[in-house]
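Asks:
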Amino acid sequence: MTKTVMFAVFALFAAAPCWAQTGTPVATAPAVTAPAVTAPTAIQSSSERVRDNPSLQYVLIKSVVAQVIGVIDARALPLEPEGYNLLKYCWTSANVLGDWSEHAGLTGEMVARALETHSWTRDLGRAGYPPAAVAEVIGRYEAALIAAGFTTAARDHALGALVGALEEIRRSAPGATKIFKVDRCSRQTRSLVLNHKTAPEGGRARFIPYVLHQVCSAQQLAPDDPVRCDYWRNAKAEGPMSFAGPMVYSVRWPDGTVANGQFDPDASRDIGIVTLRERPLKK
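Sequence positions in the sequence shown follow the working numbering and run 4 to 286.
#1: Which first and last residues belong to the alpha helix (DSSP H) in which Gln70 is found?
#2: Got a sec? Which residues, its chain only, sit under 6 Å from Ser96 by beta carbon, not counting five neighbours each side?
#3: Starting from Ser96, trace the alpha helix (DSSP H) both ways and give me its first and last residue.
#4: Just to confirm before moving on: does the CB-CB distance between Arg255 and Arg207 stay below 8 Å?
#5: Measuring only the C-alpha atoms, how far is Tyr213 from Gly248?
#6: Which value, in whole angstroms, describes the spacing of the CA atoms of Leu195 and Asp267?
#7: Between Tyr61, Ile276, Gln217, which has its C-alpha nearest Ser245's C-alpha?
#8: With DSSP run on the structure shown, which of helix, strand or coil describes Thr278?
#9: I'd like to check one pair, Ala117 with Lys65: are the Cβ atoms closer than 8 Å?
#10: Can the beta-carbon of Leu165 be found closer than 8 Å to that of Tyr144?
#11: Would you decide whether Gly205 is buried or exposed? Buried here means 16 or more other CB atoms lie within 10 Å of its CB.
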């Protein structure tokens with residue numbers, strides 16, 4: 004983890020409330036430390052862990068996103084003449100996770116905000132803003148979202164505060180680019196609507212976005228267990244599905260064998276269909 008990212012993590016913990024496993028705010032000491040985690044009496048699912056300790060789980064999710072950062076670099080665009088638009092990449096759960104947006108719930112919102120803040124850190128550095136100052140104001144933005152449960156209203160308010168804080172930084176950073184926010188999500192669609200089939204026919208498939216699969220691994224939950232890693236979705240019997248970003252799949256064939264693998268929806272953009280082929284790995 005870079006010094007800048009670590010600074011942002013510390014700023015996040017300094018400003019965010021500490022949450023117990025019950026999800027109830029409790030008092031925190033002045034020192035900047037990670038929230039204590041009480042060992043659960045039973046193994047929780049991934050989404051339960053996220054809901055029960057959002058502060059700690061957001062930091063974990065942000066570290067996972069940092070390791071699968073290719074989607075951010077793929078969207079990197081030159082700065083616009085009028086300045087830097089904080090909303091230029093349209094980081095929404097639907098654009099990041101496709102049909103898994105609603106199913107992923109709070110975890111999906113955290114993934115989208117982690118992608119968003121990583122892209123800001125990269126782009127604001129290019130726009131002439133000091134990394135340490137950027138990390139601090141982004142940390143306050145993230146803490147505000149955690150405290151309010153990542154609601155849309157909280158994000159709108161936090162965005163306004165972030166623009167004001169960056170404007171303050173710009174006054175003492177010669178050459179820094181002007182900041183603004185214009186929502187252009189109506190112009191961007193990252194997810195791909197694709198059909199799927201198995202070869203040979205008769206396989207029963209299920210899917211999970213790669214980033215959510217990695218979140219479960221980071222939580223030390225079996226990522227291929229659809230009960231513990233509860234973001235898996237069965238393939239639709241008929242009709243297409245909306246995929247966004249790298250996907251993990253599992254297919255059970257009629258003879259009981261199972262094939263697991265990954266695919267990139269972009270590779271099937273032109274033909275509009277994903278073919279899952281039998282590669283038996285285990286009974």
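Glycine is no exception: its CB is placed at the ideal position from the N, C-alpha and C atoms.
Note that this is a predicted model, so its numbers are computed, not measured.
Replies: Working from what's here:
#1: 57 to 70
#2: Ser104, Gly111, Glu112, Ala115
#3: 96 to 100
#4: yes
#5: 8 Å
#6: 10 Å
#7: Ile276
#8: strand
#9: yes
#10: yes
#11: exposed
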